[in-house]
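J.: Here it is: the structure, laid out below.
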Amino acid sequence: MCISRKILNWYAPKDRGLPWRKTKDPYAIWVSEIMLQQTQANTVIPYYERFMAAFPTAKDLAAAEEEALLKHWQGLGYYRRAKHLMAAAKIVAREGMPGDFEGLKALPGIGDYTAAAIASIAYGEAVAAVDGNLLRIYSRLHMVDGSIDKAAGKRRIVELANKDISRDRPGDFNQAMMDLGSKICTPTSPACGDCPLRGDCMAYHANCAEDYPRKSPKKKQKEEDVTVLLIDLDGRFLIEKRTGGLLASMWGFPMAEGHIRPEDVMKLLSEADFVAKKPEKVAEYRHVFSHRIWNVWVYYAPVEALFAAEGGRTWATKEALKNTYAVPSAFSPALEVIYGMD
Numbered sequence: 001m002c003i004s005r006k007i008l009n010w011y012a013p014k015d016r017g018l019p020w021r022k023t024k025d026p027y028a029i030w031v032s033e034i035m036l037q038q039t040q041a042n043t044v045i046p047y048y049e050r051f052m053a054a055f056p057t058a059k060d061l062a063a064a065e066e067e068a069l070l071k072h073w074q075g076l077g078y079y080r081r082a083k084h085l086m087a088a089a090k091i092v093a094r095e096g097m098p099g100d101f102e103g104l105k106a107l108p109g110i111g112d113y114t115a116a117a118i119a120s121i122a123y124g125e126a127v128a129a130v131d132g133n134l135l136r137i138y139s140r141l142h143m144v145d146g147s148i149d150k151a152a153g154k155r156r157i158v159e160l161a162n163k164d165i166s167r168d169r170p171g172d173f174n175q176a177m178m179d180l181g182s183k184i185c186t187p188t189s190p191a192c193g194d195c196p197l198r199g200d201c202m203a204y205h206a207n208c209a210e211d212y213p214r215k216s217p218k219k220k221q222k223e224e225d226v227t228v229l230l231i232d233l234d235g236r237f238l239i240e241k242r243t244g245g246l247l248a249s250m251w252g253f254p255m256a257e258g259h260i261r262p263e264d265v266m267k268l269l270s271e272a273d274f275v276a277k278k279p280e281k282v283a284e285y286r287h288v289f290s291h292r293i294w295n296v297w298v299y300y301a302p303v304e305a306l307f308a309a310e311g312g313r314t315w316a317t318k319e320a321l322k323n324t325y326a327v328p329s330a331f332s333p334a335l336e337v338i339y340g341m342d
């Protein structure tokens, strides 16, 4: 029995209760696939349902304000995904949804994997959706020695998967591979005894499944010490829109490089024309980005002087922070301090 038939006989889409499995709408599938990048399916479900209720079509998303989009994305991280989604929605609203893999891939933020997932599920195009799950599965099936994060190793797996993909049910084949990778052929301690493809798996027969896939050594993440300032003017907190670097165009609290002392915080506030009481260190935490780590100290500083909030700055109430402004998860522990105040 061929690989595609074995995996399709095993596939049980109803087992996971994923809402995007209940539609062939290319826009809905597209939204789900963008959200699922770097994020677990169970985490995505409530975000996806809220997002689709707010922006049910590409035209709705194209007409939305960016702030509303980012607020609905808050908590998912990797905000560039949302901005690319909106940019592509504007094109789709104007020109229509592309109907094949190559057309989809031309849209902002849609690479080979996402284009293949949409094309196979929505349009029945027989193109393999090669994500981390499929790379892992095929590297074990064929004991592919090339690094999967290098072009040659990935190209080999793309060729193998496109030979095996079901021509009749390509979308189900791709989704079955996603499920196999998340439930059975996991990065560590794979459940090989339960795998429908174990009879075809070279790594299983050689008892070396966890030696695959081959990857290049990871670069060490850069660590930075930073200080976050919760500047409180009668229950309103100063936030600013970041202009570059990490979290560009997202709202956040004022920051300083390094872990600074209370007297240094006082100096910074004085130089900014604030009359402040003695700042209090209220939290410290560690936030991990994909290539960087922040070691964060948080100071709370009540102030009495008011200046015009301009140039990408504004004063936000606790309610506005909850309901209006998209503040990324890198500031979540600082937000929790504010939410916990009487």
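Counted from 1, the sequence shown has number 209 at position 209 by full-length UniProt numbering; the numbering is strictly sequential.
A virtual CB, placed ideally from N, CA and C, is assigned to each residue, including glycine.
1. Using DSSP bridges, identify the partner residues of THR186.
2. Tell me the rounded alpha-carbon separation between SER216 and ASP164.
3. Can you tell me whether DSSP reads ALA248 as helix, strand or coil?
4. If we ignore side chains and look at the alpha-carbon of each, how far apart do LYS281 and VAL327 end up?
5. Could you give the DSSP three-state label for HIS205: helix, strand or coil?
6. Are the segment 72-87 and the segment 103-111 touching by the rule of at least three beta carbon pairs closer than 8 Å?
7. Here's a check: name, in chain order, each residue in its chain whose Cβ is nearer than 7 Å to the Cβ of ALA161, leaving out the five neighbours to either side.
8. Shortest alpha-carbon distance to GLU49 belongs to which of TYR113, SER32 and ALA63?
9. Buried or exposed, going by whether 16 or more other CB atoms sit within 10 Å of the CB of MET52?
10. May I ask you to verify whether the segment 221-234 touches the segment 246-255, counting CB pairs closer than 8 Å and requiring at least 3?
11. What three-state label does DSSP hand ALA64 in the structure shown?
12. With a threshold of 8 Å, are at least 3 pairs of Cβ atoms found where one atom belongs to the segment 139-151 and the other to the segment 112-122?
13. With DSSP as the reference, label PHE237 as helix, strand or coil.
14. At which residue ranges does the segment 80-108 contain complete alpha helix (DSSP H) runs of 4 or more residues, listed in the order of the chain?
15. Would you kindly report the start and end of the unbroken alpha helix (DSSP H) that includes ARG156?
16. Taking DSSP's pairing of strands, which residues face THR57 in a bridge?
17. So, helix, strand or coil for TYR285, using DSSP?
18. Starting from TYR339 and walking both ways along the alpha helix (DSSP H), at which residues does that stretch end?
19. I'd like to check one pair, SER4 with PHE237: are the Cβ atoms closer than 8 Å?
20. Per DSSP, what kind of secondary structure is GLU210 in: helix, strand or coil?
21. For the alpha helix (DSSP H) that contains THR317, what are its first and last residues?
22. Hey, would you say GLY37 sits closer than 8 Å to ARG80, going by beta carbons?
T.: From the atom records:
1. BP columns for THR186 are empty, so no partner.
2. 27 Å
3. coil
4. 21 Å
5. helix
6. yes
7. ALA128, VAL130, LEU134 and TYR138
8. SER32
9. buried
10. yes
11. coil
12. no
13. strand
14. 80-95 and 101-105
15. 151-164
16. Answer by DSSP bridge pairing: none, since THR57 is not bridged.
17. strand
18. 332-339
19. no
20. helix
21. Looking at the DSSP string, THR317 is not in any alpha helix (DSSP H); the run it does join, the beta strand (DSSP E), is 313-317.
22. A small fix is needed here, since residue 37 is Gln in this sequence, not Gly. Cβ atoms of GLN37 and ARG80: not closer than 8 Å.
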